[in-house]
Amino acid sequence: MSSLKGKGVAALFKAHCDAWEKRWVNSDLLINDEAFVQNNVRLNTYHLLIAVPPEDLDVSIPAKTLSGEWYKGHVFWDTEIFVLPFFIFTQPELARNLLLYRYRRLKQARAKARENGYEGAWWPWESAESGDDETPKTWVNFDGTVIPVHVSKREIHIAGDIIYGVVLYYQATSDRDFMLRYGAEMVFETARFWAARVNYNSEKNYYEIKDVIGPNEFQECVDNNFYTNYMARWNLRYAAELYDYLAKEHPLRLNRLAKKIELKKEEILSWREISEKVIAFINQDGLIEEFEGYFNKKEFLIQEWDENAMPVWPASLDLAEAKDTQLVKQADVILLMRLFANEFSSQVKKVNYDFYKKRTTHKSSLSLPSYAITALELGNLRESYKYFIQAVRADYGDLYGNTELGIHAAALGGAWQIAGYGFAGLKIKDEILSVNPVLPGEVSGIRLNFWFRNALFELKVANVEEKLQIEVLFVRDRFRNREGIWLEVCGEKCFLSRGQKVRRCQQRTIGEVPVTAGSQK
Ligand code: IFM
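Take the numbering used here: the final residue in the sequence shown is number 839, and no numbers are missing along the way.
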């Protein structure tokens, strides 16, 4: 305190402003729309910024940030899937710290897997400081009823979600040091977990994952949830590919790691084999069954919407009966297709979007962003904008009626994702970042800064007379000696050097975009 006194108010105030300026400079998302939209976006960004310390204190972001006591400060998959991308693209060093929180709790994740009879690592559904499983045994549902909690043992997709965060961070930053020291171990240990958790169905010659809960938590204890199976498959395949890469490029590091975790070559063979045979059901017309037997549930479509255009719970249905219907709590199939956007054709996305939107109640704040981004991709700009406004207003507008219990961290991060992945159209494919903006008519422009592979870019998009004017500026580089970096802007590859700009102009998408059938995995 005395040292602060000595500095004087003016100097302290300036230091405070400088520190905040530094935090805002790459995080501020400018949206030319009505003032309330920009204000909400800034409010959300502010809450994201205050949710993490600016240095590594070995903490992560709880589902309610530090703004309320609901969920007791516990950390869920919300962090890696919904919040982390904001930090990866705006302040990658903070994203690294968030992932280290998980790495430092690998021991507890290994213990959880072992205690449940599996090899490898499986992080708990809810965790806090110790990294032990903090998931409660019972819970008060949003209709006030007390229900047993099954998620701790069954919402196992969290293992893959965390790896998804690790890989996204690595792809976006090329932080090899992180991958070699921490990421690879996490990837291999989760692959081990999946390899132990799947069951081989010898009659059908595929692997399946039984008795799980997918992101849609209405139907519990289901078999072959598409999201979970796809994540497992991807995690296993990625682990095998990473192993090959390390064997070629970093054999000594791989040896050291293999010794540490007693990794055997046969394991990698089995990961590859299993990954090719984990079942994920897609109908011929592209419709994905969320889990085995989902289509046999009672059809129940959303019929009514409230003043915020949020679905109204059907009066004739008890919450406890939702499990017998096709109603979905939050994006599940649609989220998966968003996370692996390059792997599904527009046709498949459209079929599933049209089907699941009529059944999704958006009872969780994690849901809206996936719908907003998918709608944009499909050219449903009006619907997308509606979801965007709901997502940015989730807390300020108290759309879930429980903001007093704390801010919804996933909604904050999800709203940024709508701007980043949706409006700006950021997508990493084959090591290159593509920028492919799409703006709804209501938004006359955006400005967004983002980091990609140690280069900072500024993107400006203006929506003028049905045309998008796009400008990407390569602002700063952490690698002083490189000549430039490749980007793809509106479908065209360009090599940008520091200080250089690329400008494009394209017709704004209006209404539905005709979908073309593409490859499907
Ligand atoms: O992690 C989420 C879950 O997906 C839905 N219920 C709330 C949790 C915390 O936000």
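A virtual CB, placed ideally from N, CA and C, is assigned to each residue, including glycine.
Closer than 8 Å: residue i CB and nearest the ligand IFM heavy atom
i: L375; result: no
i: E526; result: no
i: A640; result: no
i: K647; result: yes
i: L367; result: no
i: S445; result: no
i: Y482; result: no
i: A431; result: no
i: Y389; result: yes
i: S520; result: no
i: H468; result: no
i: W395; result: yes
i: E535; result: yes
i: S683; result: yes
i: H680; result: no
i: A846; result: Coverage of the chain is limited to positions 319 through 839, which leaves residue 846 absent and any answer about it impossible.
i: A733; result: no
i: A728; result: yes
Contact belief for residue i with residue j at Cβ below 8 Å, rounded distance in angstroms
i: W440; j: A477; result: 5 Å
i: R677; j: L635; result: That belief does not hold up - the Cβ atoms of R677 and L635 are roughly 12 Å apart, past 8 Å.
i: D541; j: F609; result: 6 Å
i: A381; j: A728; result: 7 Å
i: R656; j: T692; result: 6 Å
i: L417; j: V484; result: 6 Å
Residue range of the unbroken alpha helix (DSSP H) whose run includes residue i
i: S688; result: L686 to E695
i: K471; result: V469 to R472
i: E339; result: V327 to V343
i: I592; result: K583 to K595
i: L570; result: P569 to I579
i: F404; result: L402 to T408
i: I652; result: V651 to L657
i: E433; result: L424 to E433
Proximity to residue i [Cα-Cα], best of the options
i: N517; options: Y389, V596, A627 and A333; result: V596
i: S752; options: E760, C808 and I465; result: C808
i: A773; options: P410, H334, F331 and L348; result: P410
i: I368; options: R341, F407, Q824 and S470; result: R341
i: F544; options: F400, F658, L417 and Y739; result: F658
i: D461; options: Y718, V779 and K528; result: Y718
i: G697; options: R711, F741 and Q708; result: F741
i: Q735; options: A429, P755 and F506; result: P755
i: R794; options: I399, E810, E806 and N767; result: N767
i: E447; options: F775, F394 and I652; result: F394
i: V359; options: V779, G731, L757 and G611; result: G731
i: N660; options: I620, L575 and D748; result: D748
i: L564; options: R798, Y739, F599 and M497; result: M497
i: Q489; options: V469, R826 and F407; result: F407
First through last residue of the beta strand (DSSP E) which encompasses residue i
i: N781; result: A773 to V782
i: Q824; result: K819 to Q825
i: L605; result: Segment: none, L605 is in no beta strand (DSSP E) and carries neither H nor E.
i: L786; result: K785 to D795
i: R765; result: G763 to F770
i: T456; result: T456 to V458
i: K747; result: K745 to K747
i: F813; result: E810 to L814
i: I750; result: I750 to V753
Closer than 9 Å to chain D by CB, residue i
i: K681; result: Of the protein chains in this structure there is only one, and it is not chain D.
message = Suppose only complete runs of 3+ residues qualify. What are the beta strand (DSSP E) ranges in the stretch 663 to 736, listed by chain order?
response = Secondary structure in the stretch 663 to 736: no beta strand (DSSP E) run of 3 residues or longer lies completely within the stretch.
Uninterrupted beta strand (DSSP E) stretches inside the stretch 477 to 529 (no shorter than 3 residues) = Runs of the beta strand (DSSP E) inside the stretch 477 to 529: 517 to 519 and 524 to 526.
task = Could you tell me which uninterrupted beta strand (DSSP E) segments, each at least 3 residues in length, are contained entirely in the stretch 346 to 393, listed from first to last along the chain?
result = Every beta strand (DSSP E) of 3 residues or more that sits fully in the stretch 346 to 393 is shown, in chain order, as 348 to 350.
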